[in-house]
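In the UniProt record's numbering, the protein residues as written are 1 to 176.
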Amino acid sequence: MIYWEIFWAFFVANLLGYGGGPATIPLIQIEVVNNNGWMTLSEFGDILAIANALPGPIATKMAGFIGYELGGGLGAAVALAATILPSALAVIVLFKFVNLFKDSPKVKLMTKSVQPIIAVLLAVMAYQFFLTAFENSGMLHLILLAAVSYLTLIKFKVHPSFVIFGALFYGGIFLT
Numbered sequence: 001m002i003y004w005e006i007f008w009a010f011f012v013a014n015l016l017g018y019g020g021g022p023a024t025i026p027l028i029q030i031e032v033v034n035n036n037g038w039m040t041l042s043e044f045g046d047i048l049a050i051a052n053a054l055p056g057p058i059a060t061k062m063a064g065f066i067g068y069e070l071g072g073g074l075g076a077a078v079a080l081a082a083t084i085l086p087s088a089l090a091v092i093v094l095f096k097f098v099n100l101f102k103d104s105p106k107v108k109l110m111t112k113s114v115q116p117i118i119a120v121l122l123a124v125m126a127y128q129f130f131l132t133a134f135e136n137s138g139m140l141h142l143i144l145l146a147a148v149s150y151l152t153l154i155k156f157k158v159h160p161s162f163v164i165f166g167a168l169f170y171g172g173i174f175l176t
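Structure, rendered in structure tokens:
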């Protein structure tokens, strides 16, 4: 039964996640953390940070890891298939219509209309992560990590993956 639940959670999140990884991440969080309770928000945040630092599509990396944690190798395969299947089906079915509607004002409007929704979903997720970080690590660590991350990203133009690894290293030493 767990394999069906894994499949359905990732299939729904990726079916509704129009716009790629940034739109899908909050939907995966809702399925994995809120609806099924397979992990805490803090654990999900850790997986998101690691998946974000690694190369490749973020949704597939998260699906593979979460599926493996829940159901071993078969769970990972089921989660990956559920993540890829909606896009693959859409490409196969909709490929015939691409040239017909690529310049349609309605299609362009629909695409532009989705962007604010994605921004709100990401903002809500960031706010939830902020609250969890504040509760788990305290204000001092939160302000220190935020300030150092901001400086390294904006002022010194360090790649985000190095900032994430640095924050993970800091957390491993001072917050465990």
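We treat Cβ as the ideally placed atom computed from N, Cα and C, and that holds for glycine.
How big is the Cα-Cα spacing for residue i and residue j?
i: Asp103; j: Gly73; result: 43 angstroms
i: Glu69; j: Tyr150; result: 32 angstroms
i: Val78; j: Val33; result: 18 angstroms
i: Thr176; j: Met139; result: 16 angstroms
i: Phe101; j: Leu94; result: 10 angstroms
i: Ile6; j: Lys96; result: 31 angstroms
i: residue 234; j: Pro116; result: Any property of residue 234 remains undetermined from this structure, which presents the chain solely from 1 to 176.
i: Val107; j: Val91; result: 16 angstroms
i: Glu31; j: Met1; result: 16 angstroms
i: Leu89; j: Gly56; result: 20 angstroms
i: Val114; j: Lys61; result: 24 angstroms
For residue i, name the three-state secondary structure that DSSP assigns.
i: Phe156; result: coil
i: Met139; result: helix
i: Thr40; result: coil
i: Leu144; result: helix
i: Tyr3; result: helix
i: Leu175; result: coil
i: Gly166; result: helix
i: residue 177; result: Any answer about residue 177 is impossible in this case: the structure gives the chain only from 1 up to 176.
i: residue 224; result: Examination of residue 224 is not possible in this model, given that the chain is present from 1 through 176 alone.
- [ ] With a floor of 4 residues, list each alpha helix (DSSP H) that falls wholly inside the stretch 55 to 124, ordered by position along the chain.
- [x] 58 to 94 and 98 to 101
Item to check | Cβ contact check for the stretch 75 to 94 and the stretch 9 to 29: 3 or more pairs under 8 angstroms | outcome: yes
Does the stretch 162 to 173 come into contact with the stretch 40 to 57, if we say contact requires no fewer than three beta-carbon pairs (one atom in each stretch) closer than 8 angstroms? yes
*For the stretch 127 to 145 against the stretch 38 to 46, are there 3 or more C-beta pairs whose distance is under 8 angstroms?*
yes
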